[in-house]
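Enquirer:
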Amino acid sequence: MAIDWFPLWLSLRVAALSTAVAFCLGLWLAWLLARRPFRGRDVVSAAVTLPLVLPPTVLGYYLLVLLGRNSPLGQFYEWVFGQPLVFTWQAAVVAALLHSAPLLIQSTRAALETVDASFERAARTLGASEWKVFWHVSLPLAWKPILAATALAFARSLGDFGITIMLAGNIPGRTQTLSVAIYDAVEAGNGSLARTLVLVISAVALVILWLANRLARTTFSFTTGQAKR
Amino acid sequence: MIDARIRKRFPPSKDSSAFELDIHLKTSSPVTVLFGPSGSGKTLTLDAVAGFITPDEGRIVAGDTLLFDVAARISLSPQQRRCGYVFQNYALFPHMTLRENLAFAADRLPRAERRGRIAEMLHQFHLGEVSGRKPHELSGGQKQRASIARALLADPRVLLLDEPARGLDPALRSELYALLNQVLADFRLPVILVTHDLEECFELGDHMVVIDNGHIVQSGQPAEILDAPANPAVARLLDRHNMVQAEIVALDPSRQLSRLRCYPGSDDGFEILAPYLPGHLLGARVTFAIRTDRLLASPSDQAPQGSVRLELAQVSLRPQTARLIFANGLTAEMPLRAFEPHRHNKNWSVRFPPEAIRLMRP
């Protein structure tokens, strides 16, 4: 039996792209949450964590409303890129982003919070700009747990099902990611395909987790996203 | 010149009760030592000057620069304040070598000067040979010097040192004091230093500020403060005084003398001669302090006139002195050499030199 590997490649591509976006966005947000006390920080923090606890279908529904063809954002996207966002593989990236970014942000925040504040204070008294403090002091001191958090976010974005199927659908060869393909295979009674894909995704996830743990020598508690040394 | 009026309330939190910092620190001495117990607000004062905490009220001026003023809504960022801050843990960046740590601070200098200045500092602070090492490969003294050198490279207006001698052994301490004195001579910038070690105040400070529970309780030269603590709280902090409750039993303005009946501990009391106490009435209750090393103890059989006989309860030996703690709680400190021949003697006579008696404000 020839196995169609497209869903695996699509999932990897979607995960890579969404992790990259989550990393850039998440680093900034995590730093804000960890180091810049501002009014309403707790609300923002709660909002950032919300996707971890809401059912994926709820998140998918929100995204459909927010990014659908009739929404201003959806129309803007269509105007810029010449095609709608929903039911494309790019929509799967958005779905994976929402699925994985909360974990990345909260873990990165925890990693940044473990950096002794006196290093950052010292850097400031020496005249370093906030930009320099972040790139030359905070980030280098926290990069291991941050990289581990990024690896976890990558693994998590590989596995999204609910949001993806709501927003990107299940179009074989176009938007069918690995987890959707497994669902599809089971529904279609194709047990061997489902088994193979399940084993493959499990192996990939296991390798990533192992790497993340080695990298950070940090134990992660998945419920809180807190890194402990 | 430093002039800092700082007022900040800290609401109670889960690991500390409510605290109010209310400090007016004004000094033009080369070295100002903030002395006080842990948790008294010394480090918070440094943090407010450096810009890490924002006072609710106040104004901070360093030299001719206004760093902070609530009324004028001015609050310079820590970067703009240019305060050299030597942290308790030194805060050398652990992922950089010593040279990179210094280079981090030298960014403000013109590019052409940087290398030369860094080399100069490495040489001056005897760090040339270890400049390629990471902080965790340095000894305590080297870290200490590196952190001072780094602070100075950024050309600060004022140098703030948070308990610099904490955790250093005695030899390294003397080295640090010598280094700081050299820094003072070479760089001519005001230094504010936090300590809870009285000896450090004497070693370094021209101006000592005693802080207790968020407030300044006394300031002046260390010797002055030790000689005449302003109130019982200061005397307690210095831990070098006997505090004695007494009743005025005689006042003699013509001879400028008074007689006090003292009640240390639960004792029946004894009478001593004291200077005349103007503005006090006969029979009034007063508290006075007398330094432990000003109480003159001698073995009983050679008791001078006008002294009190006391029973020795306990002795604690110091490198140079012996502390004699008597049964009624009074403590006298005498040179070890003078004590040695009488170490088994139980009965002592103790004299209170009138000129050493310091009446406390209630």
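So the protein lines, in turn, are chains X and H. To convert a position in the first sequence, counted from 1, into this note's numbering, add 268. To convert a position in the second sequence, counted from 1, into this note's numbering, add 35. Just so you know, even glycine gets a beta-carbon here, dropped at the ideal spot from N, CA and C.
Let me see if you follow: with CB-CB separation under 8 angstroms, is Pro-506(X) close to chain H or not?
Expert: With chain X covering 269 to 497 only, the question about residue 506(X) has no answer from this structure.
Enquirer: Report the three-state DSSP secondary structure of Phe-45(H) (helix, strand or coil).
Expert: In this structure, Phe-45(H) counts as strand in the three-state DSSP scheme.
Enquirer: In the DSSP assignment, the beta strand (DSSP E) including Met-369(H) goes from what residue to what residue?
Expert: Residues 366–370.
Enquirer: Are the C-beta of Leu-394(X) and some C-beta of chain H separated by less than 8 angstroms?
Expert: At least one chain H Cβ lies under 8 angstroms of Leu-394(X).
Enquirer: Would you kindly work out how many angstroms separate the C-alpha atoms of Gly-255(H) and Lys-61(H), rounded to a whole number?
Expert: C-alpha separation (whole angstroms): 11 angstroms.
Enquirer: How would you call Gly-86(H), buried or exposed, if buried means at least 16 neighbouring beta carbons within 10 angstroms?
Expert: With 16 or more Cβ atoms within 10 Å of its Cβ, Gly-86(H) is classed as buried.
Enquirer: By the 7 angstroms beta-carbon criterion, what residues does the region 138–149 of chain H contribute toward chain X?
Expert: Within the region 138–149 of chain H, the residues whose Cβ lies closer than 7 angstroms to some Cβ of chain X are Phe-139, Ala-140, Asp-142, Arg-143, listed in chain order.
Enquirer: Taking 8 angstroms as the limit between beta carbons, can you name the residues of its chain near Arg-358(H), skipping five residues before and five after?
Expert: Thr-327, Val-350, Ser-351, Leu-352, Thr-366, Ala-367, Glu-368.
Enquirer: Just confirm the distance between the C-beta atoms of Leu-345(H) and Phe-361(H), as a whole number of angstroms; I'd bet it's less than 8 angstroms.
Expert: Right, the Cβ-Cβ distance comes to about 4 angstroms (below 8 angstroms), so this counts as a contact.
Enquirer: Using a cut-off of 8 angstroms between C-beta atoms, extract the partners of Ser-189(H) located in chain X.
Expert: Reading off the sequence shown, one finds Ala at residue 189(H), where the question assumed Ser. Those are Thr-393, Leu-394, Gly-395, listed as they occur along chain X.
Enquirer: Grab the span of the alpha helix (DSSP H) containing Asp-310(X) for me, first residue to last.
Expert: Per DSSP, Asp-310(X) belongs to the alpha helix (DSSP H) from 309–321.
Enquirer: On the CB-based measure, 16 or more other CB atoms within 10 Å of its CB, does Met-434(X) come out buried or exposed?
Expert: Met-434(X) is buried by the Cβ-count criterion.
Enquirer: Taking Cβ to Cβ, would you say Leu-371(X) is nearer than 8 angstroms to Arg-309(X)?
Expert: No; because the gap between Cβ atoms is not below 8 angstroms, this pair is not in contact.
Enquirer: Can you give me the C-alpha to C-alpha distance between Met-395(H) and Met-278(H), rounded to a whole angstrom?
Expert: The alpha-carbon atoms of Met-395(H) and Met-278(H) are separated by roughly 9 angstroms.
Enquirer: From Arg-294(H), Arg-329(H), Leu-330(H), pick the residue whose C-alpha is nearest to that of Arg-320(H); which is it?
Expert: Residue Arg-294(H) is the option with its Cα nearest to Arg-320(H).
Enquirer: Chain H partners of Val-468(X), CB-CB under 8 angstroms?
Expert: Those within 8 angstroms of Val-468(X) in chain H number zero; the least Cβ separation is about 38 angstroms.
Enquirer: Closer than 8 angstroms is the cut-off here; do at least three beta carbon pairs connect the region 171–188 of chain H with the region 371–388 of chain X?
Expert: Judged by Cβ distances under 8 angstroms, the region 171–188 of chain H makes no contact with the region 371–388 of chain X, as fewer than three pairs qualify.
Enquirer: If I follow the unbroken alpha helix (DSSP H) through Ser-386(X), where does it start and stop?
Expert: Residues 385–393.
Enquirer: Less than 8 angstroms between C-beta atoms, sequence neighbours within five positions excluded: which residues of the same chain meet that for Val-105(H)?
Expert: These residues qualify, in order along the chain: Pro-90, Asp-91, Glu-92, Gly-93, Arg-94.
Enquirer: Under 7 angstroms Cβ-Cβ, which residues of chain H neighbour Pro-408(X)?
Expert: Near Pro-408(X) (Cβ distances below 7 angstroms), the residues of chain H are His-130.
Enquirer: Please report how far the alpha carbon of Ala-495(X) lies from the alpha carbon of Asn-216(H), in whole angstroms.
Expert: Note on Ala-495(X): pLDDT 42, under 50, position unreliable in the model; the coordinate value appears next. Distance between the alpha carbons of Ala-495(X) and Asn-216(H) is about 44 angstroms.
Enquirer: Since Thr-445(X) and Ser-279(X) are thought to touch, with beta carbons under 8 angstroms apart, how far apart are those beta carbons, to the nearest angstrom?
Expert: Contact holds; Cβ gap of about 5 angstroms.
Enquirer: Under 8 angstroms by Cβ, that's how I've got Val-343(H) and Ile-307(H) pegged, so tell me the actual separation to the nearest angstrom.
Expert: So it is a contact: roughly 7 angstroms between Cβ atoms.
Enquirer: Along chain H, which residues have their Cβ under 7 angstroms away from the Cβ of Ser-386(X)?
Expert: Ordered by position in chain H, the residues that pass the 7 angstroms Cβ test against Ser-386(X) are Phe-122, Asn-124, Ala-126.
Enquirer: Starting from the beta carbon of Pro-113(H), find every residue of chain X whose beta carbon is closer than 8 angstroms, and list them in chain order.
Expert: By Cβ distance, chain X contributes Arg-389, Arg-392, Thr-393.
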